[in-house]
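Chemist: Quick one: the structure is below, questions incoming.
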Amino acid sequence: MSFLVSHRVGRQVVNIPSFMVRVDSQKHIDFSLTSPFGGGLPGRVKRKNAKAAAKKASGGSGDEEDED
27 MSFLVSHRVG RQVVNIPSFM VRVDSQKHID FSLTSPFGGG LPGRVKRKNA KAAAKKASGG
87 SGDEEDED
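The sequence shown runs 27 to 94 under my numbering.
So this is what it looks like as structure tokens:
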């Protein structure tokens, strides 16, 4: 599991993998509200793929690069 800024203990956002949690606080471990796993926006790659799919569906070439 990645501990970038995607986890929280109660309301405190945790980004340290070795964060010590007391036994009575274990039930409060959850994904951050801004994390893609916790209901936030999709990640960078998913947004990029969705944008490319929308462009391809609208008749574009689907490529990211501009052709000169």
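Virtual Cβ for every residue (Gly too), placed ideally from N, Cα, C.
By the three-class DSSP mapping on this structure, what secondary structure does R34 have?
Modeler: Strand.
Chemist: Can you tell me whether S61 is buried or exposed? The criterion is at least 16 other CB atoms within 10 Å of its CB, across all chains shown.
Modeler: Label assigned to S61: buried.
Chemist: Determine the burial state of R48: buried for a count of at least 16 other Cβ atoms within 10 Å of its Cβ, exposed for fewer.
Modeler: Looking at its Cβ environment, which holds fewer than 16 other Cβ atoms inside 10 Å, R48 is exposed.
Chemist: So what does DSSP say about V40, is it helix, strand or coil?
Modeler: It is a strand residue.
Chemist: Taking the CB atoms as reference points, tell me whether S58 and G64 lie closer together than 7 Å.
Modeler: In this structure, G64 lies closer than 7 Å to S58 by Cβ.
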